[in-house]
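Residue numbers (our numbering), protein chains in the order written: chain L, 1 to 343; chain R, 1 to 343. Beta carbons: idealized from backbone N, C-alpha and C, even for Gly. Small disclaimer: the values here were computed from a predicted structure and weren't measured. Before any comments, here is the structure.
Protein chains: 2
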Amino acid sequence: MSTDETQARGRSATLSDVAKAAGVSIATASKALNGRDQVRAETRDRVLRAAERLAFSPNALAKGLLAGRTGTVGLLTSDLEGRFSIPILMGAEDAFGAGKVSVFLCDARGDAIREQHHVQALLSRRVDGLIVVGSSTDARSSLGRDLPVPVVYVYGPSEDPEDLSIVTDNVDAGRQAVEHLVATGRQRIAHITGDASYAAAKDRAAGVTAALADLGLPLVGDRVMFGSWNEAWGRGATRLLLERAPEVDAIVAGSDQIARGVLDALHELGREIPRDIAVIGFDNWAILATNSRPQLTSVDLRLEELGRLAAQRLFEAMDGDVRHGVESLQSRVVTRGTTTPSN
Amino acid sequence: MSTDETQARGRSATLSDVAKAAGVSIATASKALNGRDQVRAETRDRVLRAAERLAFSPNALAKGLLAGRTGTVGLLTSDLEGRFSIPILMGAEDAFGAGKVSVFLCDARGDAIREQHHVQALLSRRVDGLIVVGSSTDARSSLGRDLPVPVVYVYGPSEDPEDLSIVTDNVDAGRQAVEHLVATGRQRIAHITGDASYAAAKDRAAGVTAALADLGLPLVGDRVMFGSWNEAWGRGATRLLLERAPEVDAIVAGSDQIARGVLDALHELGREIPRDIAVIGFDNWAILATNSRPQLTSVDLRLEELGRLAAQRLFEAMDGDVRHGVESLQSRVVTRGTTTPSN
DNA sequence: TTGTATGCGTTATCAG
DNA sequence: CTGATAACGCATACAA
């Protein structure tokens, strides 16, 4: 498609190339291309055609230099697996609207030095704002108050209450899990979850126990079973649980991974799901939840919505409307076969 | 940390601010900060201190505008789950070396229009090169030959042989799976894999059958069992297989997901792994492979290495050393409990 | 309606 | 050794 008339290999056409080709001045070309109304229709046409012909693409660097804004936002993550970051990224992109803003994703891999480095790289490229995705729901250290652009923390909040953080309400998520189980007819509920040192484990457990207390129901097994965030713990804990409290008719698993282990052990022990016992997880991680047998009911943390809201708040902050503190989003139960008979 | 002397909220310090603060000219400040040796040590110190004090961060836009290079590379993906892209991104970042180049990740979500849009956004931001990650190992349409920057295709090759593509050799991967099983004492091997319309399925199957033929071994079950890329198919196919060919002592599963289904069915059928039957998957996806029981042996496609090589080739192309065609990387078996007794 | 000139922040070239 | 000054590509106030 590129004719001999276009740029030499590697250099793209500039506004002045277009102006020359159209036989007008740079200023006129600029006006024509930007839809300014101080230009004759015929002239505009000529410029547009020339731009088309030369495959002209305005240099965003020059534009940004002039405007002070680059239409670029940095998304800083420490989430190696991309488990959280990708949905959040997608939500943010949606909110910014195609074409207006591009998102620059950097993975710090849990390394503070690498993170600092990426912040520098992003700032030097003059991003208009920063979204920081925590690697867990635990509070993380702030990037600081003296950054030249607004920052929004997502998933895991900043330790500094002066910063703005957008998180999922994990206590409520725990409540919702219980309420769903009760609504589908369960009364003898146990809770197997991950490492107690994680806020996600503690918060969801708090929600579970609070909801049970409100409903006047016991926590089967007497206490929350904290352990590790993997299938092996789900399996082991389930065996333990069924020995100690065979009457259990529902298990709240602290994550979909743990839930997979729970399901595995239940199959092995000959329990039929959901007839004998129901299971619900957290995260609604498709690859795990939709491949289990039966498919796994799970509390969706609405990561995309988190990203969308973060982008919106960032936009507002860039316009001077700065907020502080922690903003919580409610999660949502996605019902599948492990809690309701119809798969 | 920011004193009153620094910029008004939002505006970051410029080189001229630093120069003024240090009592020198802009030119001298620039030289001092860039380690040019035409500046007195004492002067350099003064400039450096001023820059430090003002939290000066050079404007990469201005730099890029002048230099024609931005130290930025676009990574275009269609991999919603981040399954392939994140490791490839990490490999590329490693190869580029911290600080020199930043990577801009965009997710086209399998939408051609969105992809075109992202390409435009990246080009207008004057990235120095583009890495395109395919959504499968099937060949994908080329971005075209008339782009102003070099492009490297990764994971899935470009349809245009004039482009440079870096891929994993899936035929060889299939061979390696068989060779590993045979090396660990198996002789009666079957192959359960995904959708036959995928190159990944076809290529790995070709490698499996070729390796078996070379070794004079039969393909148990008589033919490759093509199906879907999920656990349910792994379970169903395994039941079918054990009915038709109970003598099977090893299964090559076309992906880790399928392998999980295979393991599940084998447990249910009372087969002990790996004593009675061995299983090997592809992808070495940690979340699946390390959480199965026993842990899953899998063929690692070396995605990070793919990213690293892509970055290197892109660098070379940016320096004018342009290559064409498809470059293949060998995969590597990661041995775990499903093929060897010691878990 | 069109063109000229200025400046965004930086580096490089050339005078002093 | 240091300091003016000219680019880089674009948008805009202002002059014609």
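Problem - Contact set for C106(R): own chain, Cβ-Cβ below 6 Å, skip 5 residues either direction - result: Residue 106(R) sits at position 106 when you count from the first residue of the second sequence. Contacts found: L76 and H118.
Exercise for the section: Tell me the start and end of each unbroken beta strand (DSSP E) in the segment 236 to 309 of chain L that is at least 3 residues and wholly inside, in chain order. Expected result: 250 to 253, 278 to 282 and 297 to 300
Problem - R44(L) (DSSP reduced to helix, strand or coil) - result: Along the first sequence, read from residue 1 onward, the residue named residue 44(L) stands at position 44. R44(L): helix per DSSP, three-state reduction.
Practice task
Please list the partners that D300(L) has in chain R, where partner means a Cβ-to-Cβ separation under 7 Å.
Solution key: Position 300 of the first sequence, counted from the start, is the residue given in the question as residue 300(L). By Cβ distance, chain R contributes nothing, its closest Cβ being about 16 Å from D300(L), past 7 Å.
Practice task
Locate the alpha helix (DSSP H) running through F96(L), then write down its first and last residues.
Solution key: Residue mapping note: residue 96(L) aligns to position 96 of the first sequence, counting from 1. S85 to F96 is the span of the alpha helix (DSSP H), which, as asked, contains F96(L).
Handout entry: Short Cβ contact (8 Å threshold) for A211(R) with E179(R)
Key = Mapped onto the second sequence, residue 211(R) falls at position 211. Mapped onto the second sequence, residue 179(R) falls at position 179. Yes, Cβ-Cβ distance for A211(R) and E179(R) is below 8 Å.
Exercise for the section: Excluding the 5 residues preceding and the 5 following P341(R) in the sequence, name in chain order all residues of the same chain whose CB lies nearer than 8 Å to its CB. Expected result: As a position in the second sequence, residue 341(R) is number 341, starting the count at 1. Result list for P341(R): P274 and R275, in chain order.
Handout entry: the segment 170 to 185 of chain R contacting the segment 327 to 336 of chain R, beta-carbon criterion three pairs below 8 Å
Key = yes
Exercise for the section: Quickly, what does DSSP pair T72(R) with across the bridge? List them, please. Expected result: Mapped onto the second sequence, residue 72(R) falls at position 72. Beta-bridge pairing links T72(R) to S102(R).
Practice task
Check the DSSP bridge columns for V326(L) and list the partner residues they point to.
Solution key: The residue given as residue 326(L) occupies position 326 in the first sequence. For V326(L), which the question treats as bridged, DSSP gives the partners S165(L).
Exercise for the section: Kindly list, in the order they appear in chain R, the residues whose Cβ is closer than 7 Å to that of Q120(L). Expected result: Counting from 1 along the first sequence, the entry for residue 120(L) is found at position 120. Those are S57, listed as they occur along chain R.
Problem - Beta-carbon separation (whole angstroms), I192(R) vs V262(R), contact threshold 8 Å - result: Residue mapping note: residue 192(R) aligns to position 192 of the second sequence, counting from 1. Residue mapping note: residue 262(R) aligns to position 262 of the second sequence, counting from 1. Right, the Cβ-Cβ distance comes to about 6 Å (below 8 Å), so this counts as a contact.
Practice task
Can you say whether R11(L) is buried or exposed, counting buried as having 16 or more other CB atoms within 10 angstroms of its CB?
Solution key: Within the first sequence, numbered from 1, the residue matching residue 11(L) stands at position 11. R11(L) comes out exposed.
Problem - Buried or exposed by the 16-neighbour rule on C-beta atoms within 10 Å, applied to D4(R) - result: On the second sequence, position 4 is the one that residue 4(R) refers to. Any answer about D4(R) is weak, because its pLDDT of 35 lies below 50 and its placement is not dependable; what the coordinates show is given next. That one is exposed.
Handout entry: Buried or exposed by the 16-neighbour rule on C-beta atoms within 10 Å, applied to A67(L)
Key = Residue numbering aside, residue 67(L) sits at position 67 when the first sequence is read from its first letter. That one is exposed.
Practice task
Determine the extent of the alpha helix (DSSP H) in which V18(R) is found, giving its start and end residues.
Solution key: Residue mapping note: residue 18(R) aligns to position 18 of the second sequence, counting from 1. Its alpha helix (DSSP H) spans residues L15 to A22.
Exercise for the section: Measure from the C-beta of D107(L) to each C-beta in chain R and report whether the shortest distance is under 8 Å. Expected result: Numbered from its first residue, the first sequence carries residue 107(L) at position 107. Yes, contact with chain R.
Exercise for the section: Check each candidate in A108(R), A250(R), A265(R) and L33(R) and name the one with the smallest Cα separation from R46(R). Expected result: Your numbering for residue 46(R) matches position 46 in the second sequence. Of the candidates A108(R), A250(R), A265(R) and L33(R), the one whose C-alpha sits nearest the C-alpha of R46(R) is L33(R).
Handout entry: Of the residues A19(R), F84(R), G35(R) and K31(R), the one placed nearest E305(R), counting alpha carbons only
Key = Taking the second sequence and counting its residues from 1, the one referred to as residue 305(R) is at position 305. It is F84(R).
Handout entry: Exposure of I113(R), with buried meaning 16 or more beta-carbon neighbours within 10 Å
Key = The sequence position of residue 113(R) within the second sequence is 113, counting from 1. Residue burial annotation: I113(R) is exposed, with fewer than 16 other C-beta atoms found within 10 angstroms of its C-beta.
Handout entry: Reference S228(R); option with closest CA among T14(R), D256(R) and L269(R)
Key = Position 228 of the second sequence holds residue 228(R). Measuring from the Cα of S228(R), the nearest candidate turns out to be D256(R).
Problem - Reference I251(L); option with closest CA among K31(L), G216(L) and T184(L) - result: As a working mapping, residue 251(L) is identified with position 251 in the first sequence. The alpha carbon of I251(L) has as its nearest neighbour, out of K31(L), G216(L) and T184(L), the alpha carbon of T184(L).
Handout entry: Reference G270(R); option with closest CA among L181(R), R239(R), R223(R) and V133(R)
Key = Taking the second sequence and counting its residues from 1, one reaches residue 270(R) at position 270. Nearest C-alpha to G270(R): R239(R).
Exercise for the section: Using a Cβ cut-off of 8 Å (strictly closer), state whether G307(L) contacts chain R. Expected result: The count along the first sequence starts at 1 and reaches residue 307(L) at position 307. Cβ-Cβ to chain R under 8 Å: no for G307(L).
Problem - Beta-carbon proximity list for E327(L), same chain, < 8 Å, skipping 5 on both sides - result: Residue numbering aside, residue 327(L) sits at position 327 when the first sequence is read from its first letter. Only L164, S165, I166, V167, L309 and R313 meet the Cβ criterion.
Handout entry: Element boundaries [alpha helix (DSSP H), containing L217(R)]
Key = Your numbering for residue 217(R) matches position 217 in the second sequence. Looking at the DSSP string, L217(R) is not in any alpha helix (DSSP H), and its letter there is neither H nor E.
Problem - Whole-angstrom distance between E247(R) and Q116(R), CA atom to CA atom - result: For the purposes of this step, residue 116(R) is identified with residue 116 of the second sequence, where counting begins at 1. For the purposes of this step, residue 247(R) is identified with residue 247 of the second sequence, where counting begins at 1. Answer to the nearest angstrom: the Cα atoms are 52 Å apart.
Handout entry: Buried/exposed call for G254(R), threshold 16 Cβ in 10 Å
Key = Indexing the second sequence from 1 puts residue 254(R) at position 254. Buried.
Exercise for the section: Look up Y153(R) in the DSSP assignment and give the residues it is bridged to. Expected result: Working through the second sequence from its first residue, we reach residue 153(R) at position 153. Answer is V132(R) and S165(R).
Exercise for the section: Using 10 angstroms around the beta-carbon of N343(R), count the other beta-carbons present and answer buried if the total reaches 16, otherwise exposed. Expected result: As a working note, residue 343(R) is residue 343 in the second sequence. Residue placement at N343(R) is poorly supported in this model, since its pLDDT is 47, which falls under 50; the coordinates are not used for a value here.
Problem - CB contact below 8 Å: N291(L) versus chain R - result: Residue numbering aside, residue 291(L) sits at position 291 when the first sequence is read from its first letter. Answer yes: the Cβ-Cβ gap between N291(L) and chain R drops below 8 Å somewhere.
Exercise for the section: Could you tell me whether any Cβ in chain L is nearer than 8 Å to the Cβ of M90(R)? Expected result: The residue labelled residue 90(R) in the question sits at position 90 within the second sequence. By this cut-off, M90(R) is an interface position.
Problem - Below-8 Å beta-carbon distance, I192(R) vs any chain L residue - result: Translated into the one-based positions of the second sequence, residue 192(R) becomes position 192. Output row for I192(R): interface = no.
Practice task
Return the residue from the list A21(R), V154(R) and L123(R) that minimises the CA-CA distance to R69(R).
Solution key: Counting from 1 along the second sequence, the entry for residue 69(R) is found at position 69. Checking every option, the nearest Cα to that of R69(R) belongs to L123(R).
Practice task
Answer yes or no: do S135(L) and D214(L) have a C-beta to C-beta separation smaller than 8 Å?
Solution key: By 1-based counting over the first sequence, the position of residue 135(L) is 135. By 1-based counting over the first sequence, the position of residue 214(L) is 214. With a cutoff of 8 Å on beta-carbon distance, S135(L) and D214(L) are scored as not near each other.
Handout entry: Pairwise C-alpha distance: D283(L) and T339(L)
Key = Within the first sequence, numbered from 1, the residue matching residue 339(L) stands at position 339. Within the first sequence, numbered from 1, the residue matching residue 283(L) stands at position 283. Between T339(L) and D283(L), the C-alpha separation is close to 16 Å.
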